[in-house]
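Asker: Please find one structure pasted underneath; my questions will follow.
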Amino acid sequence: MSEEVVSFYNEKERPFTRENIYTWNPPSLERVVLWPYFATESWYPQNYWLKHKHLEVLALLVVIDGSAVLECGNRTYRLLPGCAAIIPYGPRRLSVGPNQYCHKKSIGIAGLALKGLTNILRLNEHGVIENFSSEKFERLYEQISTLLEKKDPETIPELSTLAYSMLLEIAAQKELNTLPSPFVKALHFMEQNLFRKITLADICGETGCSRETMLTLFKKYAGMSPMKYLKQLRLDYAKHLLEDKNLQIKEVARLCGYRSQLYFSNDFHRAAGCSPKEYRKSLPEGIPSGEKSLI
1 MSEEVVSFYN EKERPFTREN IYTWNPPSLE RVVLWPYFAT ESWYPQNYWL
51 KHKHLEVLAL LVVIDGSAVL ECGNRTYRLL PGCAAIIPYG PRRLSVGPNQ
101 YCHKKSIGIA GLALKGLTNI LRLNEHGVIE NFSSEKFERL YEQISTLLEK
151 KDPETIPELS TLAYSMLLEI AAQKELNTLP SPFVKALHFM EQNLFRKITL
201 ADICGETGCS RETMLTLFKK YAGMSPMKYL KQLRLDYAKH LLEDKNLQIK
251 EVARLCGYRS QLYFSNDFHR AAGCSPKEYR KSLPEGIPSG EKSLI
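Quick note: the sequence shown, position 260, residue 260 per the numbering used here, numbers continuous.
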């Protein structure tokens, strides 16, 4: 952080706030390419406000309950539950209105590579993601906050990697927010029901779209049919599950929506060029059973 951060708070209401703040600035921070500068969970009362200047951090602010108003430059955003605000470099002011409160989570990312990555990932402008829902964000947030609290120098490389994963997840969620709502609903429906049989009629019924509309949406935004996309999703999930060597192949097949292990193995072989058993053998040693990669 090359410039001193200048912060101001509503001191009258500040005693009534509650925050879990996780932050750590190790001596080698100036040389770290990417770093989770802070992770916070906050509960703010009515009329509370705070503002920061010279903050060289990309922040993601997720409103869990209540509401808040975010001011960045000449832009003002009203944030309701489920909204996530992307806040690049520069001054920002967050306030809670009268007769309101705000429960939020925030993550801040800094580092030498941040400006270049935000340009590449198109995260260099303020924006709001409505209906923000990401289990991966929650997992990453918990991992980052836990490691920041421990302040173990051995975890510096891991924290840097987690910061990169968080940037990618923010970019992915922003991209999803620009897609047509029925297409996003279809993706969520598939992801949440990988363990069971799903037909094109099920997808159309869930999204309220006709068969023709759904086929057109997937051709335009996924480059393939809905059912081909679903199969690809199942097989990608299978690779993820195969990292857990305590799971039998037939259980992996079941969790991916296959009633027949043979049918599953044939589909997997066509997609991966090897059987599920061979794929599992090819995984490097040292991946603990049950530990899944977040990258």
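Ideal Cβ placement from N, Cα and C applies to all residues, glycine included.
#1: Indicate, with yes or no, if the ligand NAD has a heavy atom lying under 8 Å from the CB of Pro284.
#2: Give a yes or no on whether the C-beta atoms belonging to Tyr9 and Gln46 are separated by under 9 Å.
#3: Expressed to the nearest angstrom, what Euclidean distance is found between the alpha-carbon atoms of Phe195 and Cys256?
#4: Which runs of the alpha helix (DSSP H), 4 residues or longer, sit entirely within the stretch 116-191?
#5: Please state if the CB of Ala85 and the CB of Ile129 are separated by a distance shorter than 9 Å.
#6: So, at 8 Å on beta carbons, what are the nonlocal neighbours of Arg14 in its own chain, with the 5 sequence-adjacent residues on each side left out?
#7: Taking DSSP's pairing of strands, which residues face Glu19 in a bridge?
#8: Identify, in the order they occur along the chain, each residue of the same chain with its Cβ nearer than 8 Å to the Cβ of Ser160, setting aside the five sequence neighbours on each side.
#9: Give me whichever residues DSSP pairs with Leu61 in a beta bridge.
#10: Does Tyr263 come out as helix, strand or coil in the three-state DSSP assignment?
#11: Mind checking who Lys231 pairs with in its DSSP beta bridge?
#12: DSSP three-state call for Ser293: helix, strand or coil?
#13: Let me check understanding here. Comparing Cα to Cα, which of Asp65, Thr207, Asp236 and Ile107 lies closest to Tyr279?
#14: Among Ser28, Glu19, Leu60 and Ile64, which has the Cα closest to the Cα of Ser42?
#15: For Trp49, which beta-bridge partners are listed by DSSP?
#16: Which residues in the same chain as Cys371 place their Cβ atom closer than 6 Å to its Cβ, once the five residues preceding and following it in sequence are excluded?
#17: Hey, Leu55 and Pro91: beta-carbon distance below 9 Å or not?
#18: Would you kindly report the start and end of the unbroken beta strand (DSSP E) that includes Ser67?
Answerer: Here's the rundown:
#1: Of ligands this structure carries none, so the ligand NAD is not represented either.
#2: What you label residue 9 is simply residue 9 of the sequence shown in a count that begins at 1. What you label residue 46 is simply residue 46 of the sequence shown in a count that begins at 1. Cβ distance not < 9 Å, so Tyr9 and Gln46 don't count as in contact.
#3: Stepping through the sequence shown from its first residue, residue 195 is reached at position 195. Stepping through the sequence shown from its first residue, residue 256 is reached at position 256. Each residue's Cα considered, the two are about 5 Å apart.
#4: List check, alpha helix (DSSP H) in window: 135-150 and 156-177.
#5: Within the sequence shown, residue 129 is the residue found at index 129, counting from 1. Within the sequence shown, residue 85 is the residue found at index 85, counting from 1. Going by beta carbons, Ile129 and Ala85 fall inside the 9 Å limit.
#6: Within the sequence shown, numbered from 1, the residue matching residue 14 stands at position 14. Within the same chain, and ignoring the five residues on either side of Arg14 in sequence, the residues whose Cβ sits closer than 8 Å to its Cβ are Tyr48.
#7: Taking the first residue of the sequence shown as position 1, residue 19 is located at position 19. Its beta-bridge partners are Ser42.
#8: What you label residue 160 is simply residue 160 of the sequence shown in a count that begins at 1. Counting only residues of its own chain and dropping the five nearest sequence neighbours on each side, Ser160 has a CB closer than 8 Å to the CB of Val32, Val33, Leu34, Trp35 and Gly111.
#9: Taking the sequence shown and counting its residues from 1, the one referred to as residue 61 is at position 61. DSSP lists Ala85 and Ser106 as partners of Leu61.
#10: Counting from one through the sequence shown, the residue named residue 263 turns up at place 263. The three-state secondary structure of Tyr263, taken from DSSP, is helix.
#11: Mapped onto the sequence shown, residue 231 falls at position 231. Beta-bridge pairing links Lys231 to no other residue.
#12: Start at 1 with the first residue of the sequence shown, and residue 293 comes out as number 293. Note on Ser293: pLDDT 30, under 50, position unreliable in the model; no value is reported.
#13: Taking the sequence shown and counting its residues from 1, the one referred to as residue 279 is at position 279. Considering only alpha carbons, the answer is Asp236.
#14: On the sequence shown, position 42 is the one that residue 42 refers to. Comparing Cα positions, the closest option is Glu19.
#15: Translated into the one-based positions of the sequence shown, residue 49 becomes position 49. Answer is Ser95, bridged to Trp49.
#16: The requested residue 371 is not part of the displayed model; the chain covers only 1 to 295.
#17: Position 55 of the sequence shown, counted from the start, is the residue given in the question as residue 55. Position 91 of the sequence shown, counted from the start, is the residue given in the question as residue 91. A contact, by the Cβ cut-off of 9 Å.
#18: Taking the sequence shown and counting its residues from 1, one reaches residue 67 at position 67. From DSSP, Ser67 is part of no beta strand (DSSP E); its letter is neither H nor E.
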